[in-house]
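Right, one structure below, let's go through it.
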Amino acid sequence: MELIHSGKVRDVYLDGQDLILVASDRVSVYDVVLPTPIPDKGKILTALSLWWFDQLADVCPNHVISGTDVPAEWAGRAVRCRRLEMLPVEWIARGYLAGLGLQEYRAKGTVSGVPLPAGLAEGSKLPEPIFTPTTKATVGHDEFITFNDVVDQIGADTAARLRDMTLEIYRRGAEIAAERGIIIADTKLEFGRAPDGTLVLADEVLTSDSSRFWPASSWQPGRTQHALDKQFVRDWSSTLDWDRTPPGPSIPDDIVQATRARYIEVYERITSHKWEEK
2 MELIHSGKVR DVYLDGQDLI LVASDRVSVY DVVLPTPIPD KGKILTALSL
52 WWFDQLADVC PNHVISGTDV PAEWAGRAVR CRRLEMLPVE WIARGYLAGL
102 GLQEYRAKGT VSGVPLPAGL AEGSKLPEPI FTPTTKATVG HDEFITFNDV
152 VDQIGADTAA RLRDMTLEIY RRGAEIAAER GIIIADTKLE FGRAPDGTLV
202 LADEVLTSDS SRFWPASSWQ PGRTQHALDK QFVRDWSSTL DWDRTPPGPS
252 IPDDIVQATR ARYIEVYERI TSHKWEEK
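Here our numbering is used: the sequence shown runs in plain steps of one and ends on residue 279.
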């Protein structure tokens, strides 16, 4: 097989007409890969994505061919996928105010140009989920764009279909997670186009690397929420004297173990499956 792309946390191989998407245990914050892996992270995210792809199959098609027909050395952390023409947008849905969305709201009262009511606080639930796309930067950081910017890139019909699919995936996922006592504050999706023109959900879906997960039992607007996702590592790194440029800091063992425990907790609570090391 041919390695055709090595990203911050995933490697992509070409196997005939298929792709093999391999999730590593690497963790990145602020677009910097940290030198310390989180044990089993790639396997946990792969298992959770496969579960969600199955749950969401009636919303839109996805890129999965097989979660088992992969080389033995990558068993559990690799997915055999369809090859797609990926679209140059990060498709983000938000149901709560947090992260970069909170920063823009405090400055302008909007997120990606979407006006929001006055008086919202950190962690506030929005009146309804909103679509807040960003660029998909190959160098540097992703930046917020508006729906009209997406229309200019890919056309009005495709932009509207994918906006609606993004919001429906978020709503469906949020409903399922809420039944398990977890809030999905926001999520980032990726879509591609198959050779026949079909729009296809790809990469990962509703994982702790692509979404903000909060325990519903401790949610309280107006303060930082208890993170069950990669935000926990970001928050730790923000306490350091680090300028967010490479090389990144090594993660101490207690933070590694606490991060791993959060990834496992989300997997077990959402899927109702016990995590078993493979």
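In this text, a Cβ means the ideal position worked out from N, Cα and C, and glycines have one as well.
Next on the checklist: Any contact between the region 239–249 and the region 24–35? By contact I mean 3 or more CB pairs, one from each, below 8 Å.
Outcome noted: Cβ pair count under 8 Å is three or more, so yes.
Item to check | the region 217–228 touching the region 174–194, judged by at least three CB pairs closer than 8 Å | outcome: yes
Item to check | Spatial distance of Glu-129 from Ser-67 (CA atoms) | outcome: Reading the sequence shown from its first residue, position 128 is the one you call residue 129. Reading the sequence shown from its first residue, position 66 is the one you call residue 67. Each residue's Cα considered, the two are about 35 Å apart.
Checklist entry - How would you label Met-166, buried or exposed, when you count the other beta carbons within 10 angstroms and need 16 or more for buried? => result In the sequence shown, residue 166 corresponds to position 165, counting from 1. Buried: at least 16 other Cβ atoms inside 10 Å.
Item to check | CA nearest to the CA of Ser-25, picked from Glu-123, Asp-19, Gln-18, Val-13 | outcome: Position 24 of the sequence shown, counting from 1, holds the residue named residue 25. It is Val-13.
Item to check | Identified DSSP bridge partners for Ser-67 | outcome: The residue labelled residue 67 in the question sits at position 66 within the sequence shown. For Ser-67, which the question treats as bridged, DSSP gives the partners Arg-81.
Next on the checklist: For Leu-15 and Thr-111, I'd like the C-alpha separation in whole angstroms.
Outcome noted: As a position in the sequence shown, residue 15 is number 14, starting the count at 1. As a position in the sequence shown, residue 111 is number 110, starting the count at 1. Their backbone Cα atoms lie some 41 Å apart in a straight line.
Item to check | Beta-carbon proximity list for Leu-4, same chain, < 7 Å, skipping 5 on both sides | outcome: Working through the sequence shown from its first residue, we reach residue 4 at position 3. Excluding positions up to five away in sequence, the list reads Asp-12, Tyr-14.
Checklist entry - Given that a residue counts as buried once 16 or more other Cβ atoms are within 10 Å of its Cβ, and exposed if not, what is Gln-258? => result As a working mapping, residue 258 is identified with position 257 in the sequence shown. Exposed.
Checklist entry - Which whole runs of the beta strand (DSSP E) in the region 194–235 are 3 residues long or more, in chain order? => result 200–203, 212–216
Next on the checklist: Tell me the residue span of the alpha helix (DSSP H) that contains Glu-285.
Outcome noted: Nothing can be reported for residue 285, as the shown portion of the chain is limited to 2 through 279.
Checklist entry - Among Phe-214, Pro-72, Ser-50, Arg-224, which residue has its Cα nearest to the Cα of Phe-233? => result Walking along the sequence shown from the start, residue 233 turns up at place 232. The option with the nearest alpha carbon to Phe-233 is Phe-214.
Checklist entry - Between the region 167–181 and the region 263–275, do three or more beta carbon pairs fall short of 8 Å? => result Taking one beta carbon from each stretch, the region 167–181 and the region 263–275 have 3 or more pairs nearer than 8 Å; the two touch.
Checklist entry - Going by alpha carbons, who is nearest to Gly-156 out of Ala-203, Pro-89, Glu-169? => result In the sequence shown, residue 156 corresponds to position 155, counting from 1. Taking only the C-alpha atoms, the option nearest Gly-156 is Pro-89.
Item to check | For Asp-230, the nearest candidate out of Arg-173, Ala-48, Thr-260 (CA to CA) | outcome: As a working note, residue 230 is residue 229 in the sequence shown. When the alpha-carbon of Asp-230 is set against those of Arg-173, Ala-48, Thr-260, the nearest one is in Thr-260.
Checklist entry - Taking the C-alpha atoms as reference points, what is the distance between Ile-39 and Ala-48? => result Stepping through the sequence shown from its first residue, residue 39 is reached at position 38. Stepping through the sequence shown from its first residue, residue 48 is reached at position 47. Those two C-alpha atoms are separated by around 15 Å.
Item to check | Trp-1 versus Ile-256 - alpha carbon distance | outcome: Nothing can be reported for residue 1: it is not among the residues displayed for the chain, which extend from 2 to 279.
Item to check | Euclidean distance between Cα positions of Gly-100 and Gly-198 | outcome: The residue given as residue 100 occupies position 99 in the sequence shown. The residue given as residue 198 occupies position 197 in the sequence shown. Going from the Cα of Gly-100 to the Cα of Gly-198 covers about 34 Å.
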